[in-house]
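Numbering (our numbering), first residue to last: 119 to 387. Below: one structure, written as structure tokens.
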């Protein structure tokens, strides 16, 4: 089964965080393990509580916010496997990915899988160049039972038929191509043929974020990629459309929970 480069699964960890992550989305699945404290997640119109020992699974492109549910904070480790991999695992056919796996409950209590995910993070943190096969095999061996036990084939209407999907995709495509510029609602109106008010409502209803927040999401995603390379922070800020390095740092920390410099250090082997 061919899967994407292992850097796609690089984990992130946070220790006793009291940071509130404002409403945002992930392009891949988000699979976290709560290793301390209690996390609260606002997701699909409800607030879910995940105590220590829980697994939290969030769908791609599903808007959510999360924060500490207890005063002491919470700590977690998270990986972002691509949707295509979980689609392949849903029915075991690497060439014909089927419907997207749908996890009805984002908070899962499964001690065995929790311990296996913790071990996978330990392997990730100690991995060296050349360990790709080992890491990918380990990951697949964990995701297979996760999908088999807790996922069902998604009903397409449940995910994206709430609004005109074609229009939303047009706006997404435009923003993905122009994240380094300063697009305005007039630009988006020309792309999709809707008034600024109408397109904002349609986009927000479908994605869970207004266009400007989705643009910030794209910039943060690009920043994470570039921070794995030795680009100066000032140049990254300029290339991604931020006003200056200070604006970049403030926005990145608000979305990710750490500064760009701290994130770069975490990504170093």
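Yeah, the Cβ is synthetic: ideal placement off N, Cα and C, and Gly gets one too.
Using a Cβ-Cβ distance cut-off of 8 Å, the stretch 330–338 and the stretch 359–378 are in contact, since at least three pairs of beta carbons, one from each stretch, lie closer than that value. Between residue 358 and residue 295, the alpha-carbon positions lie close to 11 Å from each other. According to DSSP, residue 135 shares a beta bridge with 192. Rounded to the nearest whole angstrom, the CA to CA distance from residue 235 to residue 284 is 37 Å. C-alpha of residue 226 to C-alpha of residue 307: approximately 41 Å in a straight line. It is roughly 22 Å from the alpha-carbon of residue 345 to the alpha-carbon of residue 140. Judged by DSSP in its simplified three-state form, residue 306 adopts helix. Between residue 201 and residue 146, the CB-CB gap stays under 8 Å. A check of alpha carbon separations from residue 299 across 252, 264, 251, 361 identifies 361 as the nearest.
One thing to note: residue 197 has its Cβ within 8 Å of the Cβ of residue 149.
The DSSP-derived three-state label of residue 271 is strand.
By the beta-carbon neighbour count (other beta carbons within 10 angstroms, threshold 16), residue 264 is buried.
Taking a contact as a CB-CB distance under 8 Å, the pair residue 192 and residue 138 does not count as one, their CB atoms being some 11 Å apart. Distance from the CA atom of residue 190 to the CA atom of residue 331, rounded to whole angstroms, is 29 Å. Below 8 Å, too few C-beta pairs join the stretch 309–316 and the stretch 348–357 to call them touching: fewer than three. Rounded to whole angstroms, residue 162 and residue 268 show a C-alpha spacing of 18 Å. Rounded to the nearest angstrom, the gap between the Cα atoms of residue 272 and residue 180 is 13 Å. Across the set 379, 203, 233, 326, the C-alpha of 379 shows the shortest separation from the C-alpha of residue 350. Using a Cβ distance threshold of 8 Å, residue 206 and residue 218 do not count as a contacting pair.
Residue 227 sits in coil when the DSSP states are folded into three classes, being neither helix nor strand. Sequence-distant Cβ neighbours of residue 292 in its own chain, meaning closer than 6 Å and more than five residues away, are 309.
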